[in-house]
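Undergrad: Per my numbering, the very first residue in the sequence shown carries number 2; after that it's consecutive.
Every residue gets a Cβ at the ideal spot worked out from N, C-alpha and C, and that includes glycine.
First the structure, which I've put down as structure tokens, then a few questions once you've had a look.
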Amino acid sequence: MSPGGGPRADSGNADFVVVANRLPIDMERLPDGSTTWKRSPGGLVTALEPLLRRRRGAWIGWPGITDADEEPIEQDDMTLCPVNLSADDVAKYYEGFSNATLWPLYHDVIVKPIYHREWWDAYVEVNRRFAEATAKSAAQGATVGKGMCRKNPIVRSGRRVRNILGTSCNW
């Protein structure tokens, strides 16, 4: 799957928005410094992509490499909206708070969660960026689906940024 059509001219018109840690495609840096895209594996992509195409959908997520400077792109009748993260963001928000603190709380009875204030601060900041991207992409009254525990504050943050949500669901 390759992006096509370039940046999206309009914004705020997606009826259905998926907010997940990753986009349904991953950006890869090649040895020569250029980038390419490949389809992301996983059930979430397989399940939701057809719905997004039918519903003027947008997918909010990280493109998979740090320090990318990507704008939203149109692809297969949906809009992909990258949330660009630094290596520090990934280390603290994703590997730190999401995976070392939240994941054990939700999914593990053996591994104890680890807490660091700087991880929490990064988690809040990255979720604010996801909320802003959601507010820019979603039409008034849009349905917004967010993935698991990594995006807990996104709905509340999104409402503060712009009251857009008609329905919110979690998976």
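Which residue wins for smallest C-alpha separation from Asp77, given the options Arg57, Glu71, Ala88, Gly65?
TA: Within the sequence shown, numbered from 1, the residue matching residue 77 stands at position 76. Ranking Arg57, Glu71, Ala88, Gly65 by Cα distance to Asp77 puts Arg57 first.
Undergrad: Determine which residues share a DSSP beta bridge with Arg118 and list them.
TA: Locating residue 118 in the sequence shown gives position 117, counting from the first residue. Its beta-bridge partners do not exist; DSSP assigns none.
Undergrad: Name the two residues that bound the continuous beta strand (DSSP E) containing Leu81.
TA: If you number the sequence shown from 1, residue 81 lands on position 80. First-last of the beta strand (DSSP E) with Leu81: 79-83.
Undergrad: Does the Cβ of Gly65 have 16 or more other Cβ atoms within 10 Å, making it buried, or fewer, making it exposed?
TA: For the purposes of this step, residue 65 is taken as residue 64 along the sequence shown, with counting starting at 1. Classification for Gly65: buried.
Undergrad: Alpha helix (DSSP H) containing Val46: first to last residue?
TA: One-based indexing of the sequence shown puts residue 46 at position 45. Counting along the chain, the alpha helix (DSSP H) containing Val46 begins and ends at 44-55.
Undergrad: By how many angstroms is the C-alpha of Asp33 removed from the C-alpha of Val20?
TA: For the purposes of this step, residue 20 is taken as residue 19 along the sequence shown, with counting starting at 1. For the purposes of this step, residue 33 is taken as residue 32 along the sequence shown, with counting starting at 1. Approximately 31 Å between the Cα atoms of the pair.
Undergrad: Where does Asp109 sit, in a helix, a strand or coil, going by DSSP?
TA: As a first step, residue 109 is located in the sequence shown; it is residue number 108 there, counting from the start. In this structure, Asp109 counts as coil in the three-state DSSP scheme.
Undergrad: Looking only at its own chain, which residues have a Cβ that is under 7 Å from the Cβ of Thr37, when we skip the five neighbours before and after it?
TA: Counted from its first residue, the sequence shown places residue 37 at position 36. Answer for Thr37: Glu29, Leu31, listed in chain order.
Undergrad: Go ahead and label Lys39 buried or exposed: buried means 16 or more other beta carbons lie within 10 angstroms of its beta carbon, across all protein chains shown.
TA: Start at 1 with the first residue of the sequence shown, and residue 39 comes out as number 38. Exposed is the call here.
Undergrad: Helix, strand or coil for Asp90? Go by DSSP, reduced to three states.
TA: Residue 90 sits at position 89 when you count from the first residue of the sequence shown. Three-state DSSP puts Asp90 in a helix.
Undergrad: Am I right that Ala69 and Asn85 are in contact with their C-beta atoms under 8 Å? What's the rounded C-beta distance?
TA: Here residue 69 refers to the residue found at position 68 when the sequence shown is read from its first residue. Here residue 85 refers to the residue found at position 84 when the sequence shown is read from its first residue. Right, the Cβ-Cβ distance comes to about 5 Å (below 8 Å), so this counts as a contact.
Undergrad: Can you tell me whether Glu133 is helix, strand or coil according to DSSP?
TA: By 1-based counting over the sequence shown, the position of residue 133 is 132. DSSP places Glu133 in helix when its eight states are reduced to three.
Undergrad: Indicate whether Ile61 and Thr135 have their beta-carbon atoms separated by less than 9 Å.
TA: Working through the sequence shown from its first residue, we reach residue 61 at position 60. Working through the sequence shown from its first residue, we reach residue 135 at position 134. The answer is yes: Cβ separation under 9 Å.
Undergrad: Would you kindly work out how many angstroms separate the C-alpha atoms of Cys82 and Leu24, rounded to a whole number?
TA: Within the sequence shown, residue 82 is the residue found at index 81, counting from 1. Within the sequence shown, residue 24 is the residue found at index 23, counting from 1. In a straight line, the C-alpha of Cys82 is about 8 Å away from that of Leu24.
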